[in-house]
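Visitor:
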Amino acid sequence: MAANPVAVLAMPLIEQQNNPIVHLAGDSTMAPEGGGSGTIGWGEYLQYSLSTTVDNRAIGGRSARSYTREGRFDEIASDLVAGDFVVIEFGHNDGGSLTPTDNGRTDCPGDGDEVCNTDVESGILTYVAYLENAARKFTDLGAYVIVSSPTPNNPWETGTFAYAPNRFTGYSEMVANEFENGIFIDHGQLVANEFERLGASTVDTYFPNDHTHTSPEGADVVAQAFYQ
Numbered sequence: 135m136a137a138n139p140v141a142v143l144a145m146p147l148i149e150q151q152n153n154p155i156v157h158l159a160g161d162s163t164m165a166p167e168g169g170g171s172g173t174i175g176w177g178e179y180l181q182y183s184l185s186t187t188v189d190n191r192a193i194g195g196r197s198a199r200s201y202t203r204e205g206r207f208d209e210i211a212s213d214l215v216a217g218d219f220v221v222i223e224f225g226h227n228d229g230g231s232l233t234p235t236d237n238g239r240t241d242c243p244g245d246g247d248e249v250c251n252t253d254v255e256s257g258i259l260t261y262v263a264y265l266e267n268a269a270r271k272f273t274d275l276g277a278y279v280i281v282s283s284p285t286p287n288n289p290w291e292t293g294t295f296a297y298a299p300n301r302f303t304g305y306s307e308m309v310a311n312e313f314e315n316g317i318f319i320d321h322g323q324l325v326a327n328e329f330e331r332l333g334a335s336t337v338d339t340y341f342p343n344d345h346t347h348t349s350p351e352g353a354d355v356v357a358q359a360f361y362q
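At position 142 of the sequence shown the residue is numbered 276 (the working numbering), and the sequence of numbers has no breaks.
1. By how many angstroms is the C-alpha of L180 removed from the C-alpha of Q402?
2. Does the count of Cβ pairs from the region 161 to 169 and the region 343 to 362 closer than 8 Å reach three?
3. What whole-angstrom Cβ distance do V262 and V309 have, given they're in contact under 8 Å?
4. Please tell me whether D189 and A277 are closer than 8 Å, where the distance is taken between their beta carbons.
5. Going by other Cβ atoms of all chains shown within 10 Å of its Cβ, with 16 needed for buried, is V356 buried or exposed?
6. Is the Cβ-Cβ distance between D241 and S197 less than 8 Å?
7. Measuring CA to CA, which of W176, N152, S171 and G244 is closest to T186?
8. Our contact map puts F302 next to D228 with C-beta atoms below 8 Å; I'd like the distance itself, whole angstroms only.
9. Compare the Cα-Cα distances from T285 to each of H157, V156, G168 and I155 and report the closest residue.
10. Name the DSSP bridge partner or partners of M190?
11. Helix, strand or coil: how does DSSP classify Y305 here?
12. Taking DSSP as the reference, what is the three-state secondary structure of I174?
13. With burial defined as no fewer than 16 other Cβ atoms inside 10 Å of the residue's Cβ, what is the status of A136: buried or exposed?
14. Using a 10 Å radius around the Cβ and a threshold of 16 neighbouring Cβ atoms, would you call D354 buried or exposed?
15. So which of A159, I174, G172 and G244 has the shortest CA-CA distance to G107?
16. Using 8 Å for Cβ pairs, my map puts A269 next to I319. What's the rounded Cβ distance?
17. Determine the DSSP secondary structure at E223, reduced to helix, strand or coil.
18. I need the DSSP call for F318, collapsed to helix, strand or coil.
19. Answer with buried or exposed for G257, where buried requires no fewer than 16 other C-beta atoms within 10 angstroms of its C-beta.
20. Between the C-alpha atoms of V279 and E328, what's the straight-line distance to the nearest angstrom?
21. In terms of DSSP beta bridges, what is S282 paired with?
22. Would you list, in sequence order, the uninterrupted beta strand (DSSP E) runs of no fewer than 3 residues that lie entirely inside the region 187 to 272?
23. Grab me the residues of Y297's own chain with a C-beta within less than 6 Å of its C-beta, minus the 5 sequence neighbours each way, in chain order.
24. Alpha helix (DSSP H) containing Y340: first to last residue?
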């Protein structure tokens with residue numbers, strides 16, 4: 135697996151701190167129970183690459199919007215101390231449309247301070263704004279923030295390899311660049327590179343139920359792509 139030049143810098147930084155906790159905020163692709171039915175998120179395997187504690191707060195079905203609304207970023211903020219790290223990775227549940235029905239997860243379109251209102255909720259922010267608010271909260275407390283692009287769906291699903299980063303990759307990089315203690319890792323591209331190398335017959339086994347949620351073996355590969 136090729137080295138990730140950003141992770142080469144970020145991961146030793148984690149190891150250099152005085153026993154930091156690495157907090158993970160994300161959706162089912164990162165979460166302990168994945169998407170259910172025997173799948174698991176890559177966050178459960180990151181601990182095997184680090185000599186420090188990993189606190190996996192990812193939860194299935196969440197977007198940046200719903201994770202914020204449920205107070206989950208606030209819960210992380212209340213537990214972290216200066217020198218801790220927070221990895222933020224969303225995007226799988228943030229797309230879609232707010233009309234005709236608001237599912238409670240879709241963010242307001244745009245990459246700035248746009249605000250949307252629906253019958254379900256008023257004051258809906260953009261993906262960028264939700265992540266910026268969370269990152270600011272964490273950096274103000276002295277934490278380092280790693281904003282990661284979303285993992286890819288199975289790029290071999292059609293039998294031919296195909297991967298293109300979605301808009302949330304660019305949004306994630308924008309957010310990381312706003313903060314002195316911000317780090318961007320293009321996790322989606324790193325995973326796609328490794329999946330292309332491994333080939334369809336292997337990668338297809340990593341997605342036993344659908345094209346999004348990984349088996350334990352797949353989650354391990356996705357975690358290694360983030361670290362290396």
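C-beta: ideal position from N, C-alpha, C; glycine also.
Guide: Reading it off the structure:
1. No answer is possible for residue 402: it lies beyond the span of the chain, which begins at 135 and ends at 362.
2. Yes, since at least three Cβ pairs between the region 161 to 169 and the region 343 to 362 fall closer than 8 Å, the two stretches touch.
3. Indeed, because the Cβ distance is near 6 Å, the residues count as touching under 8 Å.
4. In this structure, A277 does not lie closer than 8 Å to D189 by Cβ.
5. Counting Cβ neighbours within 10 Å, V356 comes out buried, since at least 16 surround it.
6. Their beta carbons are under 8 Å apart, which means D241 touches S197 by this criterion.
7. Nearest of W176, N152, S171 and G244 to T186, Cα basis: N152.
8. At roughly 6 Å, the Cβ-Cβ gap stays under 8 Å, so F302 and D228 are in contact.
9. Of H157, V156, G168 and I155, the residue nearest in Cα terms is G168.
10. First, the residue type needs correcting, since residue 190 is Asn and not Met in the sequence shown. Paired residue(s): L158.
11. If DSSP states are grouped into helix, strand and coil, Y305 belongs with the helices.
12. The answer is coil: DSSP assigns I174 none of H, G, I, E or B.
13. Note that A136 scores a pLDDT of 40, beneath 50, so its modelled location is shaky; the value from the coordinates is reported in the next line. Exposed: under 16 other Cβ atoms inside 10 Å.
14. Burial state of D354 is buried, judged by a 10 Å Cβ sphere holding 16 or more other Cβ atoms.
15. Any question about residue 107 goes unanswered here, given that the chain covers just 135 to 362.
16. Contact flag wrong, Cβ pair sits at about 14 Å.
17. If DSSP states are grouped into helix, strand and coil, E223 belongs with the strands.
18. Note: F318 maps to strand in three-state DSSP.
19. Per the 10 Å Cβ criterion, exposed.
20. Answer to the nearest angstrom: the Cα atoms are 24 Å apart.
21. Under the DSSP definition of a beta bridge, S282 partners with I319.
22. Qualifying beta strand (DSSP E) stretches, in chain order: 187 to 190 and 219 to 223.
23. Cβ neighbours of Y297 beyond the five flanking positions: P286, P289 and A326.
24. For Y340, there is no enclosing alpha helix (DSSP H), since its DSSP letter is neither H nor E.
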